[in-house]
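A.B. asks:
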Amino acid sequence: MTTQTDATLGVPAGPRWPAWWTTWMFLKNRQAIIPKLHDRFGDSFSIKILPGPRTFVIFSDPADVKEIFAADPSQFHAGEGNAILEPVMGSHSLLITDDDEHKRSRKLLMPAFSGPTMKAYRPLVEAIAKAEVDSWDDGDTLVTLDRMNAITLDVILQVVFGVTDEERLAVLRPKVTKMVNIGAGMLLAWSWPNLYRVPPWRGYFKNQQEVDEILFAEIRERREAKDLEGRDDVLSRLLRAGEDDPDVEPLSDREMRDQLVTLLLAGHETTASALSWTLHELGRHPDLMRRATEAAANGDDAFLDACLKEAMRLHPVIDFVARTLQSDQVVAGRHLPEKVTVTPSIMLSHSREANFADAHEYRPDRFLTQGEVAANTWIPFGGGVRRCIGAAFSLMEGAAVLGEVLRRFEVTADQSAPNRLRNITNVPSDKAPLHLRAR
1112 MTTQTDATLG VPAGPRWPAW WTTWMFLKNR QAIIPKLHDR FGDSFSIKIL PGPRTFVIFS
1172 DPADVKEIFA ADPSQFHAGE GNAILEPVMG SHSLLITDDD EHKRSRKLLM PAFSGPTMKA
1232 YRPLVEAIAK AEVDSWDDGD TLVTLDRMNA ITLDVILQVV FGVTDEERLA VLRPKVTKMV
1292 NIGAGMLLAW SWPNLYRVPP WRGYFKNQQE VDEILFAEIR ERREAKDLEG RDDVLSRLLR
1352 AGEDDPDVEP LSDREMRDQL VTLLLAGHET TASALSWTLH ELGRHPDLMR RATEAAANGD
1412 DAFLDACLKE AMRLHPVIDF VARTLQSDQV VAGRHLPEKV TVTPSIMLSH SREANFADAH
1472 EYRPDRFLTQ GEVAANTWIP FGGGVRRCIG AAFSLMEGAA VLGEVLRRFE VTADQSAPNR
1532 LRNITNVPSD KAPLHLRAR
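Next comes the structure, spelled out in structure tokens:
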């Protein structure tokens, strides 16, 4: 492999591959190329990504990651780094916006994800998980990813969207599932808008328009609801957000739609995948399975939380974050030009032996040992002012679902599940089949 460097600007070396090939591999199979490039070039290297092509600089050293997360967000734009998601999430999405618009949206959304609010959501999450687990039988083979997706989809629809009417849920489930099923190729519509007119893009975005119509109707109806003050779902909370602060303009219907879709896409299959990997790893480690079932029976969320976090470390669901420079910057001692995108690699950080001893092993106890997990090494939710707003919700949901499953069943896995990049998340390619044994 030949390399290219730019000593003047300080852009690190990277592969001399055609940009179209690098782009396709980055979107389709990062787990195949990123570790190999790290082995070849070290803790920082560059790649070229279309359109442009644009320069991405990948970082994995925790000191560099910390520097990027702590940098001035007005000069390190996370929204611009996520712009490829705009055709689906919308231009007002919390993941797409930067600067003042992002600050305003985050301020309005934060109360809906505060600690006390998590306690209000948990009973409904547990009820949804229990209803699913009640349909399982002793001796069944569980197609884990499918069943976890079913649970987390209903959590989004009921806890976030506030839709509890079964007739409406029956209409929304298949349409939302199709919307969530956004392959890497579908994201190319951001670069080439003409794709909207041809299959399969045309069908995908037609379905998205139908979901939008339902969401806008739900928002309008909810605004007029007489019991809005007494409703605890996220949508109702967002409709009330800002009403006591004259200095903050409430979210418009379009902004509300974009935030709801963002919560759907960022919080549905990501949590389902994390749960699938957790149950898969427990199914491969009988000793940990016994401890987890005891923890579930005793209401010990700390161990269940550690099991979930360790699965998210070993199997990063989202494997990188991105910040696009708005001016020339010195990053990790390198002079990088405006519009370079700096990219802390979650994948490389989580597999780094200097960060995690025996990094290839599933060892939840590392999250129970004080000081074993250092700052800026476990970063599944990103970091800094752009850390995922739904992080606490995801962990609460994960522990609640694990508890419901493990109070009723033990699971075993026959073999290790390979990874596949599906949509924008890493999932078990075989959907992590598990054998159920009633407790």
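Just so we're aligned: 1237 in our numbering is position 126 of the sequence shown, and the numbers increase by one with no gaps anywhere. In this text, a Cβ means the ideal position worked out from N, Cα and C, and glycines have one as well. These numbers were taken from a predicted model, which means no experiment stands behind them.
Could you compute how far the alpha carbon of residue 1268 sits from the alpha carbon of residue 1243?
C.D. replies: By one-based count along the sequence shown, residue 1268 stands at place 157. By one-based count along the sequence shown, residue 1243 stands at place 132. The alpha-carbon atoms of residue 1268 and residue 1243 are separated by roughly 15 Å.
A.B. asks: Rounded to whole angstroms, what is the Cα-Cα separation between residue 1129 and residue 1527?
C.D. replies: As a first step, residue 1129 must be located in the sequence shown, where it is residue number 18. As a first step, residue 1527 must be located in the sequence shown, where it is residue number 416. In a straight line, the C-alpha of residue 1129 is about 34 Å away from that of residue 1527.
A.B. asks: Just to confirm, are residue 1428 and residue 1489 a CB contact at a threshold of 9 Å?
C.D. replies: In the sequence shown, counting from the first residue as 1, residue 1428 sits at position 317. In the sequence shown, counting from the first residue as 1, residue 1489 sits at position 378. Contact flag unset, no.
A.B. asks: How long is the line joining the alpha carbons of residue 1497 and residue 1487, rounded to whole angstroms?
C.D. replies: As a first step, residue 1497 must be located in the sequence shown, where it is residue number 386. As a first step, residue 1487 must be located in the sequence shown, where it is residue number 376. Between residue 1497 and residue 1487, the C-alpha separation is close to 14 Å.
A.B. asks: Runs of 4 residues minimum, wholly inside the segment 1410-1476: which ones carry the alpha helix (DSSP H) assignment?
C.D. replies: If we require 4 residues or more, the alpha helix (DSSP H) runs fully inside the segment 1410-1476 come out as 1412-1425, 1457-1461.
A.B. asks: When the Cα of residue 1171 is compared with those of 1474, 1509, 1458, which residue comes out closest?
C.D. replies: Sequence index remark: in the sequence shown, residue 1171 carries index 60 (1-based). Comparing Cα positions, the closest option is 1458.
A.B. asks: Does residue 1300 pass the burial test, meaning 16 or more other C-beta atoms within 10 Å, or should it be called exposed?
C.D. replies: One-based indexing of the sequence shown puts residue 1300 at position 189. Residue 1300 should be labelled buried.
A.B. asks: Starting from residue 1547, follow the beta strand (DSSP E) in both directions and report where the run begins and ends.
C.D. replies: Within the sequence shown, the letter at position 436 stands for residue 1547. Note, residue 1547: beta strand (DSSP E), 1544-1549.
A.B. asks: How many Å lie between residue 1306 and residue 1360 at the Cα?
C.D. replies: The sequence position of residue 1306 within the sequence shown is 195, counting from 1. The sequence position of residue 1360 within the sequence shown is 249, counting from 1. Straight-line Cα distance between these residues: approximately 35 Å.
A.B. asks: Please state whether DSSP places residue 1165 in a helix, a strand or coil.
C.D. replies: Counting from 1 along the sequence shown, the entry for residue 1165 is found at position 54. Correct three-state label for residue 1165: strand.
A.B. asks: Mind reading off the beta-carbon distance from residue 1264 to residue 1284? Whole number of angstroms is fine, and I expect it under 8 Å.
C.D. replies: Position 153 of the sequence shown, counted from the start, is the residue given in the question as residue 1264. Position 173 of the sequence shown, counted from the start, is the residue given in the question as residue 1284. Indeed, because the Cβ distance is near 6 Å, the residues count as touching under 8 Å.
A.B. asks: Helix, strand or coil for residue 1337, going by three-state DSSP, please let me know.
C.D. replies: Here residue 1337 is taken as the residue at index 226 of the sequence shown, counted from 1. Note: residue 1337 maps to coil in three-state DSSP.
A.B. asks: Let's test the definition: count the other Cβ atoms within 10 Å of the Cβ of residue 1184 and tell me whether it reaches 16, buried, or not, exposed.
C.D. replies: For this step, residue 1184 is matched to residue 73 along the sequence shown. Looking at its Cβ environment, which holds 16 or more other Cβ atoms inside 10 Å, residue 1184 is buried.
A.B. asks: Looking at the secondary structure, which residues open and close the beta strand (DSSP E) in which residue 1532 lies?
C.D. replies: The residue given as residue 1532 occupies position 421 in the sequence shown. Start and end: 1530-1533.
A.B. asks: At the level of alpha carbons, what is the spacing between residue 1175 and residue 1330?
C.D. replies: Locating residue 1175 in the sequence shown gives position 64, counting from the first residue. Locating residue 1330 in the sequence shown gives position 219, counting from the first residue. The straight-line gap from Cα to Cα measures roughly 42 Å.
A.B. asks: Going by other Cβ atoms of all chains shown within 10 Å of its Cβ, with 16 needed for buried, is residue 1309 buried or exposed?
C.D. replies: Here residue 1309 is taken as the residue at index 198 of the sequence shown, counted from 1. Exposed: under 16 other Cβ atoms inside 10 Å.
A.B. asks: Comparing alpha-carbon positions, which option in 1140, 1542, 1134 lies nearest residue 1163?
C.D. replies: Working through the sequence shown from its first residue, we reach residue 1163 at position 52. Ranking the options by Cα distance to residue 1163, first place goes to 1134.
A.B. asks: Which partner residues of residue 1188 appear in the DSSP bridge assignment?
C.D. replies: Taking the sequence shown and counting its residues from 1, one reaches residue 1188 at position 77. 1435.
A.B. asks: Grab the span of the alpha helix (DSSP H) containing residue 1124 for me, first residue to last.
C.D. replies: By 1-based counting over the sequence shown, the position of residue 1124 is 13. From DSSP, residue 1124 is part of no alpha helix (DSSP H) but of the beta strand (DSSP E) over 1122-1126.
A.B. asks: Taking residue 1452 as the reference, give the member of 1393, 1165, 1136 with the closest Cα.
C.D. replies: As a position in the sequence shown, residue 1452 is number 341, starting the count at 1. The option with the nearest alpha carbon to residue 1452 is 1165.
A.B. asks: When the Cα atoms are used, what is the spatial distance from residue 1383 to residue 1336?
C.D. replies: By one-based count along the sequence shown, residue 1383 stands at place 272. By one-based count along the sequence shown, residue 1336 stands at place 225. Roughly 32 Å between the two C-alpha positions.
A.B. asks: Can residue 1362 and residue 1272 be called in contact, C-beta distance under 9 Å?
C.D. replies: Position 251 of the sequence shown, counted from the first residue, corresponds to residue 1362. Position 161 of the sequence shown, counted from the first residue, corresponds to residue 1272. Against a cut-off of 9 Å, the Cβ pair of residue 1272 and residue 1362 comes out as no contact.
A.B. asks: Classify residue 1208: buried if its beta carbon has 16 or more other beta carbons within 10 angstroms, exposed otherwise.
C.D. replies: Sequence index remark: in the sequence shown, residue 1208 carries index 97 (1-based). Burial call: buried.
A.B. asks: May I have the straight-line CA-CA distance separating residue 1367 from residue 1349, to the nearest angstrom?
C.D. replies: Here residue 1367 refers to the residue found at position 256 when the sequence shown is read from its first residue. Here residue 1349 refers to the residue found at position 238 when the sequence shown is read from its first residue. C-alpha separation (whole angstroms): 8 Å.
A.B. asks: Per DSSP, residue 1480 forms a beta bridge with which residues?
C.D. replies: As a working mapping, residue 1480 is identified with position 369 in the sequence shown. Answer is none; residue 1480 lacks a bridge partner.
A.B. asks: By alpha-carbon positions, which one of 1513, 1125, 1441, 1495 ends up nearest to residue 1415?
C.D. replies: For the purposes of this step, residue 1415 is taken as the residue at position 304 of the sequence shown. Looking at the Cα atoms, 1513 is the closest of the given residues.
A.B. asks: Within 10 Å of its beta-carbon, does residue 1112 have 16 or more other beta-carbons around it, so buried, or fewer, so exposed?
C.D. replies: Along the sequence shown, one-based indexing puts residue 1112 at 1. Here the model assigns residue 1112 a pLDDT of 39, short of 50, so the residue's position is not dependable and the matter cannot be decided.
A.B. asks: I need the straight-line Cα distance from residue 1232 to residue 1150, nearest angstrom please.
C.D. replies: Within the sequence shown, the letter at position 121 stands for residue 1232. Within the sequence shown, the letter at position 39 stands for residue 1150. So the two alpha carbons sit approximately 44 Å from each other.
A.B. asks: Quick check on DSSP: helix, strand or coil for residue 1517?
C.D. replies: In the sequence shown, counting from the first residue as 1, residue 1517 sits at position 406. Three-state DSSP puts residue 1517 in a helix.
A.B. asks: Quick check: what's the CA-CA separation for residue 1192 versus residue 1131?
C.D. replies: As a position in the sequence shown, residue 1192 is number 81, starting the count at 1. As a position in the sequence shown, residue 1131 is number 20, starting the count at 1. So the two alpha carbons sit approximately 18 Å from each other.
A.B. asks: Exposed or buried, which one is residue 1469 when buried takes at least 16 other CB atoms within 10 Å?
C.D. replies: If you number the sequence shown from 1, residue 1469 lands on position 358. Exposed, by the Cβ-count rule.
A.B. asks: Among the candidates 1290, 1210, 1394, 1125, whose CA atom is the shortest distance from the CA of residue 1199?
C.D. replies: By 1-based counting over the sequence shown, the position of residue 1199 is 88. Nearest C-alpha to residue 1199: 1290.
A.B. asks: How far does the beta strand (DSSP E) with residue 1157 in it reach, from first residue to last?
C.D. replies: By 1-based counting over the sequence shown, the position of residue 1157 is 46. Its beta strand (DSSP E) spans residues 1155-1160.
A.B. asks: Beta-carbon within less than 6 Å of residue 1152's beta-carbon, same chain only, minus the 5 sequence neighbours each way: which residues are those?
C.D. replies: Taking the sequence shown and counting its residues from 1, the one referred to as residue 1152 is at position 41. Once the five neighbours on either side are set aside, the close Cβ partners of residue 1152 are 1124.
A.B. asks: In whole angstroms, what separates the C-alpha of residue 1518 from that of residue 1543?
C.D. replies: Translated into positions along the sequence shown, residue 1518 becomes position 407. Translated into positions along the sequence shown, residue 1543 becomes position 432. Going from the Cα of residue 1518 to the Cα of residue 1543 covers about 20 Å.
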